[in-house]
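Protein chains in written order, with the numbering used here: chain A, 1 to 526; chain B, 1001 to 1526; chain C, 2001 to 2526. We put the CB at the ideal spot given by N, CA and C, even for glycine. Here the structure comes first, spelled out in structure tokens, and everything after it is commentary.
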């Protein structure tokens, strides 16, 4: 257990006494910590660790003390699936048909790293056990089946393929990750190296894991063989695993504490949602919700299941609006838990090139716009409506989200906020369309290689300088404005930080570029 | 009350016992929390809630649990104005002539939302009460009269009109918020939509509220009528309210906890002071003061009134230097409380176009520079001195600020710091003047439409690309340098983050733009 | 002692009782706090304060309550060097031959501010004591000799001279800090004022202190003389002190608490490592380690010496990987304490212009590249190998760092991470070289003044606009990519925040600039 330094300061003598008392009673503090997170359950005997896990701990506790200590302090170590299944419906975190052999022991090393070994390419013999390093959503789903199913329907689980399998995004990746080189006075970007792609885009989107061989390594137990896994390590949310499943639960539930407190903190989402393309964390931190969290959140209870609005916390974190099971002070459900996070999202704010109604299927590579491109809107802004949520579905999702708002805001507040938010979607799409007009003119005049099929066309849409001014506008600034509008605050984020000041500046810069090239053409043709 | 998860970990059994004991004694923990924030007052009976507020709570506790729980845990719920008035002068937070009917009850829903109903346009009949949603500074001023008067003299309360009523700023808003469109090869920005303005600039500056009609809505109590309020919701610091008053106390004191802990945290100010135009929070977070707050601040006492330097906190937050009543360990006053935050500010660092002595009046639309523009300085940097603090007033304000510094710094430190600070004001104004020279040359040559009255002049000062390079320089980079200098740290903020590297880069870019256009002109005229 | 507001909430009555009890026992809580940070030591009598320090406190406690209170709560006030020397080797924080007179008293005002007075220029007579304001590393080294020696070998202690004594960096400082001015249509930057340099680059690098005179000041004790110190105040890590020593321990160990908790927090390093040139803090905050720290770190024990991985903390802060003495749960050393922070760094990620093997000596002004410039690499990327760590030394340092990783990660994870990291070094150096090719062509064509010696050459390398596009690329974006790679996370930092998107955009912009100038030349020469 982590020493409580705060407590030490005020109760030094009392603390020493109490620690002694607990020691005398033979109570280890570590498992008690987990029990106390749910004080409605009386402490019983500590959870049994399986013999297999005991064997793992025998060596690894001294080799990797950090891993083992984090696990020791976790709920996985302190309880068993069987105990979890006995809890009331609102409190329960395990579900589905937990396999018999896993029910009565704590969830330790062996329970996860030897689970479904036959499904994992590259699982290897290790001291008599068939082991795999990269635990997959299907492994976690043995106990958390409902969450696993929801996540499979979530666009995030398809994050690898949705990027790797979309040729337009492929152009963007090449323009970003490829090495620039001059050839006959023209600049182009080489095909990116896989190692660059893996630590760039696929760091968050997830890599494709594959076994490429075996290596023999000297260990404290002598020589041992281990698989060589390409794409490892990676915790991306759409990782393609060695059992073929998609995703990595550890993206948000960091090994080996798998702390719900951590998952509910906004810092968890920040890891991938913080660039100007998706400035979710920064906008949140600058919003009224974020300031309350920053100022007062250290006293909140992030571990209660269900999570009681107003009592456990007084302003939402990301999880409160998008994931968690919320109840009011009388125990009535405010919002159901979901791991298909777009359940409550009518609009996808992320501009491609335009913000658009949320795609209906998690695999977005099937989308075709009117021009036949795998994008949710035409370059002039018309939606690829067949693949996207219609008005009725958007309304259903909006209402689902607003149910959470109601816990702290009245109807006129919510209505006014929602109008602001949808106005921002329309406003920024309109502005993006006008800036795209300028880009289209540049392409049409042959001043840059555009998407067309004519002579001098058909180039990468993102590799020339005016194209970068254009993509700044919708990828960074229109997105930032929309996220600021969605989170009801962070006003500055929508203006001077990354917002309207910069969106209009991009319009001016792009137009200036065009004007100058035209002046130059005129100068050459007197 | 929020469960204390930290405590749970160390004292699980003891805690359960103590909770039981408190339960037995019939003591609710919630009101005790507020008492304990001021341990000099012995717990007495809980504060009486008014019958009107009880009626509000009857429905709203289950509809809006978040609102009610936040209030329940607040000082407003736990005490009464009468009790507050009995405290010693330094501890007292209520003042003025609290109306008789408000004295002996807690400050609940009805006390604020039915106060001065006749003054509020759009107040409406609601279950027998005349109610208004948007509580105004004049409502808060019933108990907090001194703070209300100070805030009225603060430039922040005039933030709406100072922006909306200044035609030069109007040009900037149009260039930022208007939709760009091409017309005969020239780019211009349309008049911005009000909805865009409201969620952009007026998000922080405050909207102008107005009642535009009535809507009938289905509620748990059946059909009810509510006013439709344009500009709502908004918590901007200069909001124009339906009773004609200016400001929103909830900008910093978030409803419905109105927590002094939150108000004293730097995150409160961040909500509006975080863009590169006023990067106050970011500079603070990177300063020595900010690092101490981030590392050690979770153990500080943010609730004590008065606030004891060195004991309650060991490095200032924004409030400590600009707002709060500070005392030393012997109870002597270090700084008086003020809600006219510019009381201690000699210089207004915010460049318009130049940093300038602080304006004397909160209404800045009355200012005219030598060119007749409503700006505190000419375009070449000469101050509109008649409207600004003179040397004696600046000295008085500087000394007021330095009194707080003395609590932790010796005279030579403070003197050296102040010289650095005032050097940065001069340095950045000088650099801004030199960059403005280039801009003036661009305007003079007719390469962009400038502020003059001649042919091809009289355009928007901020809508062409070179004008945006120019405004980047003073609005983002010169400002950032000055804030970094003022807060004695965040060295990187004054150089590579948003500082001198970028200021000089803007100079180079603007000059490069001019040079290129001149080369082009030369090319055309051989 | 800081009141524990968390505790107040749950145990109000119990707390008052216990506080009463402690009061009765005559135990001040303040010194107990420090003892409790090391619960293995039984509380003994409070440390004796020296008569000289008592005299200081007599006046300064009321003049500067913040300073005195911070010190009162510190370990320096609560213990003595003699007690420290009695501790076990792993717990010990004092070392070397502590002078006899300092051993048996607490480390108070007089112990530091009168130490080695004869060595300090500008030390002055003050109420019978010879005092100096700026305490130096050699003063701290009286008790902390080992840390002082390590720090002297650290490149950071030479931060002033390494910048001030390098003419290439001098050009960069002039282009950043100098005032821009037009002369015959050409823009140049004046020699920077010293006051600007001091609060810009030397804010972090450290100023050069010098005594320029004496001032008589009115004090509570009447008129007193004080030295005037140029370059003061400053806490830069490479400050040139009045005793000739280099550095400022207070850069990281802020006066007057000198808190190890603060030094171990990531916010400490942020003060200087947060601009896009060295975005260490931002990358950390966006990494898996940083998110765990942000979500769970408030419950960690930052004060234990040695620092136990997994028990005291569950994810590293900056100090854990670069400075602190780490042990595992069995007390075995995971990493030794070092104040030569580059001990474990194979590569210096900071591009000058290229990331390079770490310099062997802390004085980097001795380095010469193949072109004779004081840079660790040629402009085409070839390392100045004679001055830099060779492969064997790099391997030794990499292994030293990886030892810490092993506490929480297995060999394949570490190996994969390291390959990613070294790939990013190669990748970004390669991309920098290609962008430098474009820059070289611009110089070669005479479109900007380059580093050569021919006609139209020999100018400042950083003052023209294309040169700034070029320096953005390697100073901000290549650096950010490498730091993101090094810290195994913050994927977005390596792409959209400040990474590959921007690096390739700089390549496009620079090439666009060149192309346009060439088109213009062609237009002029038909």
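query, result
"So with CB distances below 7 angstroms, who are the chain C contacts of residue 1295 of chain B?", "2261, 2262, 2265, 2267 and 2268"
"Considering Cα atoms alone, identify which of A:360, A:55 and A:187 is closest to residue 156 of chain A.", "A:360"
"Using a Cβ-Cβ cutoff of 8 angstroms, what residues of the region 2180-2203 of chain C are near chain B? List them in chain order.", "2180, 2181, 2182, 2185, 2187, 2189, 2193, 2195, 2196, 2198, 2199, 2200, 2201 and 2203"
"Going straight from the alpha carbon of residue 2274 of chain C to that of residue 88 of chain A, what length do you get?", "48 angstroms"
"With 7 angstroms set as the bound, which would you pick, yes or no: does the beta-carbon of residue 1408 of chain B sit closer than that to a beta-carbon of chain C?", "yes"
"Report all residues from its chain with a CB closer than 7 angstroms to the CB of residue 1296 of chain B; omit the five preceding and five following residues, and keep chain order.", "1314"
"With C-beta atoms as the reference, is residue 1482 of chain B less than 7 angstroms away from residue 1428 of chain B?", "yes"
"Can you list, in chain order, the residues of the region 2476-2497 of chain C whose Cβ is nearer than 7 angstroms to any Cβ on chain A?", "2485, 2489, 2491, 2492, 2494, 2495, 2496 and 2497"
"Would you identify the three-state DSSP class for residue 2457 of chain C, choosing helix, strand or coil?", "coil"
"For residue 73 of chain A, tell me which candidate among A:309, A:506 and A:260 has the shortest Cα-Cα distance.", "A:260"
"I need the straight-line Cα distance from residue 289 of chain A to residue 2163 of chain C, nearest angstrom please.", "43 angstroms"
"If you measure from the beta carbon of residue 2423 of chain C to each beta carbon in chain A, is any gap under 7 angstroms?", "yes"
"Got a sec: is the Cβ-Cβ distance from residue 1344 of chain B to anything in chain A below 7 angstroms?", "no"
"Taking one C-beta from the region 1172-1179 of chain B and one from the region 1378-1389 of chain B each time, how about it: are there three or more such pairs within less than 8 angstroms?", "no"
"Give me the residue from C:2225, C:2222, C:2394 and C:2416 with the minimum Cα distance to residue 231 of chain A.", "C:2416"
"Should residue 1232 of chain B be flagged as near chain A, meaning a C-beta pair shorter than 7 angstroms?", "yes"
"Measure the CB-CB distance between residue 461 of chain A and residue 1520 of chain B and report whether it falls below 7 angstroms.", "no"
"To which residues does DSSP link residue 2225 of chain C through a beta bridge?", "C:2216"
"Any idea if residue 2197 of chain C is buried or exposed, counting beta-carbon neighbours within 10 angstroms, 16 or more meaning buried?", "buried"
"Answer with buried or exposed for residue 221 of chain A, where buried requires no fewer than 16 other C-beta atoms within 10 angstroms of its C-beta.", "exposed"
"Can you tell me whether DSSP reads residue 1514 of chain B as helix, strand or coil?", "helix"
"Using a Cβ distance threshold of 8 angstroms, determine whether the region 1237-1252 of chain B contacts the region 1137-1155 of chain B, with at least three qualifying pairs required.", "yes"
"Quick one: grab the DSSP three-state call for residue 2209 of chain C.", "coil"
"Could you check whether the region 1338-1357 of chain B touches the region 1398-1415 of chain B, counting it as contact only if at least three pairs of C-beta atoms, one from each stretch, sit closer than 8 angstroms?", "yes"
"Rounded to whole angstroms, what's the CA-CA distance from residue 1455 of chain B to residue 1364 of chain B? Just pull it up for me.", "30 angstroms"
"Contact between the region 1465-1480 of chain B and the region 1505-1518 of chain B is defined here as three or more beta-carbon pairs at a separation below 8 angstroms; is this criterion met?", "yes"
"How is residue 1019 of chain B classed by DSSP in three states: helix, strand or coil?", "Confidence in residue 1019 of chain B is poor, its pLDDT being 33 and thus under 50, which makes the residue's placement unreliable; the coordinate value appears in the next sentence. It is helical."
"Check whether the Cβ atoms of residue 234 of chain A and residue 214 of chain A lie closer than 7 angstroms to each other.", "no"
"Alpha carbon to alpha carbon, what distance is there between residue 326 of chain A and residue 333 of chain A?", "6 angstroms"
"I need the boundaries of the beta strand (DSSP E) containing residue 1188 of chain B, first residue and last residue.", "1186-1189"
"Could you check whether the Cβ of residue 284 of chain A sits closer than 7 angstroms to any Cβ belonging to chain C?", "no"
"Buried or exposed: which applies to residue 479 of chain A, given that a residue is buried once 16 or more other Cβ atoms fall within 10 Å of its Cβ?", "buried"
"Just the chain F side, please: which residues come within less than 9 angstroms of residue 68 of chain A by C-beta, in chain order?", "Within the model displayed, chain F is absent; protein chains A, B and C are what it includes."
"Around the C-beta of residue 2291 of chain C, are 16 or more other C-beta atoms found within 10 angstroms, so that it is buried, or is it exposed?", "buried"
"Does the distance from the CB of residue 136 of chain A to the CB of residue 245 of chain A come in under 7 angstroms?", "yes"
"Which residues share a DSSP beta bridge with residue 383 of chain A?", "A:377"
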